[in-house]
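Heads up: the sequence shown begins at 83 in the numbering used here, then just goes up one per residue.
Glycine is no exception: its CB is placed at the ideal position from the N, C-alpha and C atoms.
First up is the structure itself, then whatever we jot down about it.
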Amino acid sequence: MVKGSIDYVGINQYTTYYIYNPHQRKAKVPGYQQDWNAGFAFEKHGVPVGPRAHSYWLYNVPWGMYKALMYVKKYYGNPTVILSENGMDDPGNVTLPKGLHDTTRINFYKGYLTQLKKAVDDGANIIGYFAWSLLDNFEWRLGYTSRFGIVYVDYSNLKRYPKMSAYWFKQLLERKKQ
Numbered sequence: 083m084v085k086g087s088i089d090y091v092g093i094n095q096y097t098t099y100y101i102y103n104p105h106q107r108k109a110k111v112p113g114y115q116q117d118w119n120a121g122f123a124f125e126k127h128g129v130p131v132g133p134r135a136h137s138y139w140l141y142n143v144p145w146g147m148y149k150a151l152m153y154v155k156k157y158y159g160n161p162t163v164i165l166s167e168n169g170m171d172d173p174g175n176v177t178l179p180k181g182l183h184d185t186t187r188i189n190f191y192k193g194y195l196t197q198l199k200k201a202v203d204d205g206a207n208i209i210g211y212f213a214w215s216l217l218d219n220f221e222w223r224l225g226y227t228s229r230f231g232i233v234y235v236d237y238s239n240l241k242r243y244p245k246m247s248a249y250w251f252k253q254l255l256e257r258k259k260q
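As structure tokens, this is what we get:
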């Protein structure tokens, strides 16, 4: 990075992959992933990298956030970092009662925020964190087939219902420093 050319680095961190050499020939047509010349795997020796969320690509791997933040610290001069997106999804067709009882999401956030704090304690210059997302919404690639929000949205009437994770975040943010 050119010194002094940025105010902060924004990182969207959802999951972690194992990376491998795909031993592929050079692509005839350049493309985003072809240019990387890297393969992505969610399991090693048949063991998943972590528990899977609803999306095929999203696994709960909090240690991956810590490693990514420490990598940025070490190799990019410890820039100011904002975690601009971090979250997990449930199926889009989950019922209201089941959708409100989102303990898996709470555990996801507990794990990732624990690793975020560990990175801060280890010197990473992190100044902000945004959970994805406040509301269930239309996802670019998934439409309404996936729910990332801490607030359930009834798409038939747009009524909103805070999930357990919303109350968990409220309680977390109201805690006083001890």
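Presumed contact (8 Å Cβ cut-off) between residue i and residue j, rounded CB distance
i: Pro144; j: Thr186; result: Not confirmed; about 13 Å, so no contact.
i: Ser87; j: Ser228; result: Not really, about 35 Å apart at Cβ, beyond 8 Å.
i: Asp171; j: Ala135; result: 5 Å
Proximity below 8 Å, CB of residue i to CB of residue j
i: Gly205; j: Ser215; result: no
i: Asn207; j: Thr162; result: yes
i: Tyr226; j: Tyr243; result: no
i: Gly132; j: Tyr141; result: yes
i: Tyr96; j: Gly181; result: no
i: Leu178; j: Tyr234; result: yes
i: Tyr153; j: Phe122; result: no
Residues near residue i by beta carbon distance below 7 Å, same chain, minus five either side
i: Asn94; result: Ser166, Glu167
i: Val176; result: Arg229
i: Ala109; result: Gln116
i: Leu254; result: none
Residues that residue i bridges to, as DSSP identifies them
i: Glu221; result: Gly225
i: Glu125; result: Pro130
i: Pro244; result: Val233
i: Gly92; result: Ile164
i: Tyr141; result: Arg134
Residues of its chain near residue i, where Cβ-Cβ distance is below 6 Å and the 5 sequence neighbours each way are ignored
i: Tyr148; result: Gln197, Lys200, Ala201
i: Ile101; result: Ala120
i: Lys155; result: Ala206
i: Gly174; result: Tyr226, Thr227, Ser228, Arg229
i: Val91; result: Pro161, Val163
i: Gly32; result: Residue 32 is absent from the model: the chain starts at 83 and stops at 260.
i: Phe190; result: Asn142, Met170
i: Gly193; result: Pro144
i: Glu221; result: Ser228
i: Trp85; result: In the sequence as presented, Trp is not what sits at residue 85; that position holds Lys. Answer for Lys85: no residue qualifies.
Any non-hydrogen atom of the ligand PLP closer than 7 Å to residue i Cβ
i: Tyr234; result: This structure does not include the ligand PLP; it has no bound ligands of any sort.
Close Cβ partners of residue i (< 8 Å) along its chain, the five nearest in sequence each way excluded
i: Asp89; result: Thr162
i: Ile188; result: Met246, Ser247, Trp250
i: Pro130; result: Phe124, Tyr141
i: Pro104; result: Asn119, Ala120, Gly121
Unbroken alpha helix (DSSP H) runs of length 4 or more, entirely within the stretch 150 to 221: which are they? Correct list: 178 to 182, 185 to 203.
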